[in-house]
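Numbering-wise (the working numbering), the sequence shown opens with residue 6 and increments by one.
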Amino acid sequence: MAIPCSVMSPNKEREKVLQEMIKEYKADGVIDVVLQACHTYNVETANIKRACNDVDTPYMALETDFSTSDAGQIKTRLEAFIEML
6 MAIPCSVMSP
16 NKEREKVLQE
26 MIKEYKADGV
36 IDVVLQACHT
46 YNVETANIKR
56 ACNDVDTPYM
66 ALETDFSTSD
76 AGQIKTRLEA
86 FIEML
């Protein structure tokens, strides 16, 4: 499962690929992991959220710097998202 990089591919095509993958894999929800230092992915969260909403799929943006300092917060947010599903 690989969605093209937001910098290296047209954004509308990425949204279409995501929607196709949601349908193909019957995804219950989408978790968008965003690296804090990657501004292009951070900007893309609104588009990805809209693409998920267009196919009635719950969405959560999860911003992290991939250090262990936010592990507890990430765990709590993931548990809440899964419970909501």
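C-beta: ideal position from N, C-alpha, C; glycine also.
Practice item. Could you tell me whether the stretch 75 to 83 touches the stretch 48 to 61, using the rule of 3 or more Cβ pairs below 8 Å? Key: Pairwise C-beta distances place the stretch 75 to 83 out of contact with the stretch 48 to 61, as fewer than three of them are shorter than 8 Å.
Check your understanding: If you check the beta carbons only, do residue 65 and residue 36 fall under 8 Å apart?
Key -> Closer than 8 Å, so yes.
Check your understanding: Of all the alpha helix (DSSP H) runs that stay within the bounds of the stretch 15 to 82, which reach a length of 4 or more residues?
Key -> DSSP runs (the alpha helix (DSSP H)) wholly in the stretch 15 to 82: 16 to 30 and 44 to 59.
Review point. Buried or exposed: residue 23, going by 16 or more other Cβ atoms within 10 Å of its Cβ?
Key: The residue in question, residue 23, is buried, as its Cβ has 16 or more Cβ neighbours within 10 Å.
Review point. If you draw a straight line from the C-alpha of residue 83 to the C-alpha of residue 58, how long is it?
Key: Rounded to whole angstroms, the gap between the alpha carbons of residue 83 and residue 58 is 19 Å.
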